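The block underneath contains the structure these notes are about, expressed in structure tokens.
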Amino acid sequence: MAKLPPLKALQAFDAFGRLGNVAGAAAELGVTPGAVSQQLRKAEEALNLRLLERRGNSVELTSWGRIYYAEIRPAFEQLRIAQEKLSRIRSTSGIVISCLPSLAGKWLAPRLADWQMSHPDANVRLLGKGSEPQLGEDSIDFRISYGDRIRKFDHYIEIFTDWVVPACSPAFLKANPVAKPIDILTMPLLGIEWDRDHKAAPTWSDWAVRIGAEPRMTRGEMAFSLSSSAIDAAINGRGFVLAQIAMVADDLEAGRLVVPFDLRVKLSQAYFLAWDRSALSKPFGPDLRAWIISISKSQSAASAGLADINLI
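Basically the numbering used here = 1-based index in the sequence shown + 48.
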């Protein structure tokens, strides 16, 4: 098989063939005319053919040059079409964020709406999914997940570790007052059972140990597979929930939930943000990543008790 000329030489020859002069080719490629002339000579040396000839004050394609240009032109035209298509898709396609369902609905979605208002030209889709996606292959740009599973991705960063605190509705607390923390353990308790792939969330037994009480038996508890479902049940007056600070901040501020005693237990692992490298080439991709990291720093402080939460 004959040896192909270097790609730069072919690019220079294609530009010369389309534009008809060295100066135009140099301007398009962003190099000097001398560099274009050098690449054209490399093409001739590789092919062992004269591709250009001087006619007076101008340089033109030889008969071999015209034949060769006619053959390579479609290939370079197809490359330009592919480049334009990618640029068009990149500029018009939206950003897709995959997030654990409860965190998506209770934490990210309300804040993402605010970000969208300040970036009206951005198109963002938020998907609440428990399973880990194949970034890029599943058309997912960013993934927010929990614990060890995030390490399957190539690019990720720890964003925050959450804490849980006992919370209930104001109406429930009014009907079932508690004078001291241990009294909460005598009330209807709402439990959360996470996916087996995740380390278990803090339980009421863990919280009992936190306040120096005997671990609570789980008999009589109502358990949910989603944190958001347990939180909603507490809002509806079904009992106390060990609620993640990140997920109930809005409910506390709105008065839908109250925290009679701010005694927190830390989650065993952190939340992480992962991204596909191509996401950072999309419009608003770097801005969105920086924004998620920024709000996560604030959440980390709030969850750890470094920022106040609304108590009763």
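Idealized CB from N, CA, C, for every residue including glycine.
Model, not experiment: these values are computed from the prediction.
- Within the region 295-360, complete alpha helix (DSSP H) segments of at least 4 residues are found at 333-351, given in chain order.
- Taking 8 Å as the cut-off, the beta carbon of residue 250 is found closer than this to the beta carbon of residue 313.
- In this structure, residue 290 places its C-beta atom within 8 Å of the C-beta atom of residue 252.
- With distances taken between CA atoms, residue 335 lies nearest to 164 out of 183, 258, 296, 164.
- Nearest neighbour of residue 233 by Cα position, chosen from 122, 270, 288, turns out to be 288.
- A check of alpha carbon separations from residue 168 across 225, 254, 339, 332 identifies 332 as the nearest.
- In the structure shown, residue 106 falls within a strand segment according to DSSP collapsed to helix, strand and coil.
- In the three-state reduction of the DSSP assignment, residue 191 falls in the strand class.
- Contact between residue 174 and residue 157 holds: CB atoms are separated by about 6 Å, below the 8 Å threshold.
- Within 10 angstroms of the beta-carbon of residue 104 lie fewer than 16 other beta-carbons, which makes it exposed.
- 296 is the residue among 88, 86, 75, 296 whose C-alpha sits nearest the C-alpha of residue 213.
- The three-state secondary structure of residue 98, taken from DSSP, is coil.
- Between residue 211 and residue 315, the gap from beta carbon to beta carbon is short of 8 Å.
- If you draw a straight line from the Cα of residue 255 to the Cα of residue 205, it comes to about 29 Å.
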